[in-house]
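*Asks:*
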Amino acid sequence: MSSSSSFRTVMAERPIQLDSIQRQPGTLVRKGPSSGLRRRLLLALIAAPLSAFAVGETAGQRGELRRWGSGEFRRFGFLVYEATLWAADDPVRPPLALKLTYRRNIDGELIAEASIKEIRKLGMADKATLNRWGELMTGLFPDVKPGDSIVGHYLPEGARFTFNEQPLGSIDDPAFARAFFAIWLDPNTSEPDLRAALLTRPTAG
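Under the working numbering, think of the first position of the sequence shown as 975, with each following residue one higher.
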């Protein structure tokens, strides 16, 4: 259990429908090079669950989800992001969605790098696969600033992402989606307190 993490439950937000997100067939979204001046410090700051998910009342064929739990991820006492999970009756199987609202400036390349680091810890892919996934995420994830949000949608066919409610792109690989969302939801996550907060069952009503 990480002594550097602090979590809380927050009030429900406006639900989002999965079918309202336009599918993006392309995998990579290129952007300009990041400065990298704070690379080492930021990587240390975010080298635990990072990088992306939102959704409705009941789970059905159209991917409507309801809100589960929320929590905060902190590193070295700094609030890095707030996370909220939407899911059906089983909060660790697709379809589900996880929203990260960032509270610090972080390069997209570092988000991808930290995500690969966590997947490697879970032992869910070999080196070649990790390298390929890392390249895809580096091309996909944008630099973020306080208030920006990335929503990752875990679907049977892969993962779809939005940035500030705008379509960002997708990685159409079920193995990637399973490994990526395991960063937060696997029993062996490096942040078990955050996992417990996200998996808090929603109250009836």
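Every residue gets a Cβ at the ideal spot worked out from N, C-alpha and C, and that includes glycine.
Is Glu1092 buried or exposed, if buried means 16 or more other CB atoms sit within 10 Å of its CB?
*Replies:* One-based indexing of the sequence shown puts residue 1092 at position 118. When all chains shown are included, Glu1092 counts as buried.
*Asks:* Leaving out five residues on either side along the sequence, give the residues of the same chain with a beta carbon under 6 Å from the beta carbon of Ala1021.
*Replies:* Residue 1021 sits at position 47 when you count from the first residue of the sequence shown. For Ala1021, the predicted structure reports a pLDDT of 44, less than 50, and the residue's modelled location is therefore unreliable. The matter cannot be settled from this model.
*Asks:* Assuming the contact rule is C-beta atoms closer than 8 Å, Leu1180 and Gly1043 should be a hit. Round their C-beta distance to whole Å, please.
*Replies:* Because the chain spans 975 through 1179 in this model, residue 1180 falls outside it and cannot be assessed.
*Asks:* What is the C-beta distance between Leu1039 and Pro1068, in whole angstroms, given that I count them as a contact (C-beta under 8 Å)?
*Replies:* Sequence index remark: in the sequence shown, residue 1039 carries index 65 (1-based). Sequence index remark: in the sequence shown, residue 1068 carries index 94 (1-based). No, Leu1039 and Pro1068 are not in contact; Cβ-Cβ is about 10 Å, not under 8 Å.
*Asks:* For Gln1112 and Leu1084, what's the separation of their Cα atoms in angstroms?
*Replies:* The residue you call residue 1112 lines up with position 138 of the sequence shown. The residue you call residue 1084 lines up with position 110 of the sequence shown. Residue identity check: residue 1112 is Thr in the sequence provided, not Gln. Cα to Cα, the separation comes out at about 8 Å.
*Asks:* Please report how far the alpha carbon of Ala1156 lies from the alpha carbon of Phe1052, in whole angstroms.
*Replies:* Residue numbering aside, residue 1156 sits at position 182 when the sequence shown is read from its first letter. Residue numbering aside, residue 1052 sits at position 78 when the sequence shown is read from its first letter. Answer to the nearest angstrom: the Cα atoms are 23 Å apart.
*Asks:* If you follow the alpha helix (DSSP H) that Ala1151 is in, where does it begin and where does it stop?
*Replies:* Position 177 of the sequence shown, counted from the first residue, corresponds to residue 1151. First-last of the alpha helix (DSSP H) with Ala1151: Pro1148 to Leu1159.
*Asks:* How about Glu1165 and Phe1050: do their beta carbons lie closer than 8 Å?
*Replies:* Against the sequence shown, residue 1165 aligns to sequence position 191. Against the sequence shown, residue 1050 aligns to sequence position 76. Contact flag unset, no.
*Asks:* Taking the beta strand (DSSP E) that Lys1182 belongs to, which residues open and close that run?
*Replies:* The question about residue 1182 has no answer, for the chain in this structure spans 975 to 1179.
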